[in-house]
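Since the structure comes first, as C-alpha cells, the remarks are kept for the end.
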Amino acid sequence: MRTQTSNSYRVGKTVHLDHCSSLTLNSGTIAELVFSKNQSAVMHLMLLPLLQQLSIESRWQLWLTSKHKLSRHWLKSTGLPLDKMMQIQSPGEKPTLEAMNRALRTGNFSAVIGWVQTPPTNEQRKMLERAAEAGHGLGLILCTSVFGEPTARPTNSLKIPSSLYH
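Following our numbering, the numbering of the sequence shown begins with 92 at its first residue and continues without gaps.
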C-alpha cells in the first residue's frame, strides 16, 4: 500500500499550504530549519514552496542575513515576486534576531527569514514567538550547522519503543 501526502509540511503542527495564508493571518509562528553547509539545495527545496504560498499575501517577505547575500538571479528563478522581497544585511547574529523581533511585531511581513550561524537560545526563541503572534507572521530561522557538533539545546527526536517492532 502506498500513502502519499501532498501539500503539507510538519512544523510543530500540520500546515497545509492551501490554508497557509489564513494560518499566518490568524496566528503567528516560528519555525527553524537547521541544515549543514553542503545541504543548502535541500533547504531551498523545502523553503521555496512555503515562500511561494506566502507571496500570495499582500505583505512583504523580509530576509535578514549576517553573512549571506541573496542572489538576485536565484530570486528571479524561483518565481517569487521581487516587488515583495526585501533583504537587510546585519552586522551579526544578535542584531539579526533583534531585527527579526522588531519586523515580526510590525505585522508588515508575511514571513521574516533570519539566517544565523547558531540556533537561538530558548529566551530568544520565546521572544520571537511572541513577536510572531503579535504581528500574525511567520518567523523562519535558517541555521547553518555542522552535524555532529553539540548544539546549545537538546534535539527533538521521535523514540519508537522496540516492542512495536517485535
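For glycine and all other residues, C-beta sits at the position ideal for the given N, C-alpha and C.
| task | With distances taken Cα to Cα, identify the nearest neighbour of serine 181 among Trp154, His164, Pro211 and Trp165. | result | If we check each option's Cα against that of serine 181, Trp154 comes out closest.
| request: Note down, in chain order, each residue of its chain lying with its Cβ closer than 8 Å to the Cβ of leucine 124, except the 5 sequence neighbours on either side. | output: Excluding positions up to five away in sequence, the list reads Met134, Met137, Leu138, Leu231, Ile232, Leu233 and Cys234.
| message | Pull the bridge partners of glycine 205 from the DSSP assignment, please. | response | Listed as beta-bridge partners of glycine 205 by DSSP are Leu155 and Ile232.
| request: For methionine 218, collect the residues of the same chain with a Cβ closer than 7 Å to its Cβ; drop the 5 residues on either side in sequence, then sort them by chain order. | output: Correct list, in chain order: Asn192.
| request: Determine the extent of the alpha helix (DSSP H) in which threonine 197 is found, giving its start and end residues. | output: Counting along the chain, the unbroken alpha helix (DSSP H) around threonine 197 starts and ends at 184-197.
| What residue does the beta strand (DSSP E) around threonine 120 start on, and which one ends it? | From DSSP, the beta strand (DSSP E) with threonine 120 extends over 120-126.
| Just reading off the beta strand (DSSP E) that glutamine 178 is part of, what are its end residues? | Unbroken beta strand (DSSP E) run through glutamine 178: 176-180.
| query | To which residues of the same chain is threonine 115 closer than 8 Å at the C-beta, ignoring the five residues directly before and after it? | reply | The predicted model places threonine 115 with a pLDDT of 42, which falls under 50 and marks its position as unreliable; any figure quoted below should be read in that light. Cβ neighbours of threonine 115 beyond the five flanking positions: Leu145, Glu148, Ser201, Ala202, His227, Gly228 and Leu229.
| query | Going by Cα to Cα distance, which pick from Ser168, Leu171 and Gln178 is closest to leucine 161? | reply | Among Ser168, Leu171 and Gln178, the Cα nearest to that of leucine 161 is on Gln178.
| said: Just to confirm my understanding: we take glycine 183, look at its own chain, exclude 5 residues before and 5 after, and list those with CB closer than 6 Å. What are they? | reply: Excluding residues within five positions, the ones whose Cβ falls inside 6 Å are Ser157.
| How many whole angstroms separate the CB atoms of glutamine 152 and leucine 142, which I take to be in contact at a CB cut-off of 8 Å? | A Cβ-Cβ distance of about 6 Å is found for the pair glutamine 152 and leucine 142, placing them in contact under the 8 Å criterion.
| Residue from Gly119, Ser127, Ile121 and Gly170 whose Cα sits closest to the Cα of glutamine 208 | In terms of Cα proximity to glutamine 208, the closest of Gly119, Ser127, Ile121 and Gly170 is Ser127.
| request: Please report the residue range of the alpha helix (DSSP H) in which histidine 258 lies. | output: A question about residue 258 goes unanswered here, because the residues of the chain that appear run from 92 up to 257.
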